[in-house]
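Report on the structure given below.
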Amino acid sequence: MTALNRVPSLIVRAGTASALTIAAVGGSVVVPGFSSDAAAATPATKALQIAASKKGSPYRWGATGPHRFDCSGLTLYSFKKAGKSLPRTAAQQYNKTRHISAKSRKAGDLVFFHSGSYVYHVGIYAGKGKIWHAPKTGDVVRLQKIWTKSVWYGRVS
């Protein structure tokens, strides 16, 4: 066996020994750019995942799931499953959230569509200018690009 063939074996053994040493002394390994599922799974990201899992569910006015939804019913259901409480309507949900700028929006924030001061629709921000929402009668829960600038953003706390 040449010296080059032994190098990977030595690296594997050294890496295993280092990991065992860290585990034995109760340390933790930090990998840049990587977060554990527990740290990454905030209520907002959980709610976003739950809403996405309802893709294709039919819209029904007044429905709050688990198989049919209206817009605020989808956000209510998704955040409830993620451990957060929201009121029933889009306007009530807007009043319950911490209002944030478009610049500070993050995936999992709520997007409120308005006409003047009247909030008429809500969805969950998915990033890249898109939302998960239950659009209207005859449609289904889906991912869609935000189609207007008449939106406000809210963060569930």
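Quick note on numbering: the sequence shown equals residues 204 to 360 in my numbering. The C-beta atom is built at its ideal place from N, Cα and C for all residues, glycine as well.
Same chain only: Cβ atoms within 7 Å of residue i, ignoring 5 sequence neighbours per side
i      : result
ARG301 : GLY357, ARG358, SER360
When the options are compared against residue i, the one with the closest alpha-carbon
i      : options                        : result
SER256 : ARG263, HIS270, PRO246         : HIS270
LEU313 : TYR262, ALA244, TRP355         : TRP355
ALA337 : LYS249, ASP273, SER304         : ASP273
GLY311 : PRO290, SER288, PHE282, GLY319 : PHE282
DSSP beta-bridge partners of residue i
i      : result
SER320 : The partner list for SER320 (beta bridge, DSSP) is empty, contrary to what the question assumes.
PRO261 : VAL343
TRP335 : ILE327, LEU346
TYR356 : ILE303, VAL314
Assigned exposure category for residue i - 16 Cβ within 10 Å defines buried
i      : result
VAL244 : Reading the sequence as shown, one finds Ala at residue 244 and not Val. So ALA244 counts as exposed.
SER307 : exposed
TRP335 : buried
LYS348 : exposed
GLY268 : buried
Any non-hydrogen atom of the ligand PLP within 7 Å of residue i CB
i      : result
HIS270 : The ligand PLP is not part of the structure shown, which contains no ligands of any sort.
Sequence-distant residues of its chain with Cβ nearer than 6 Å to residue i (five each side left out)
i      : result
PRO261 : ARG271, VAL343
VAL322 : ALA293, ALA294, TYR297, PHE315
ALA247 : GLY311
Own chain residues within Cβ distance below 8 Å of residue i, not counting five before or after
i      : result
LEU346 : ALA255, LYS258, ALA329, LYS333, ILE334, TRP335
Would you call the region 326–333 and the region 264–283 touching, i.e. three or more CB-CB distances under 8 Å?
yes
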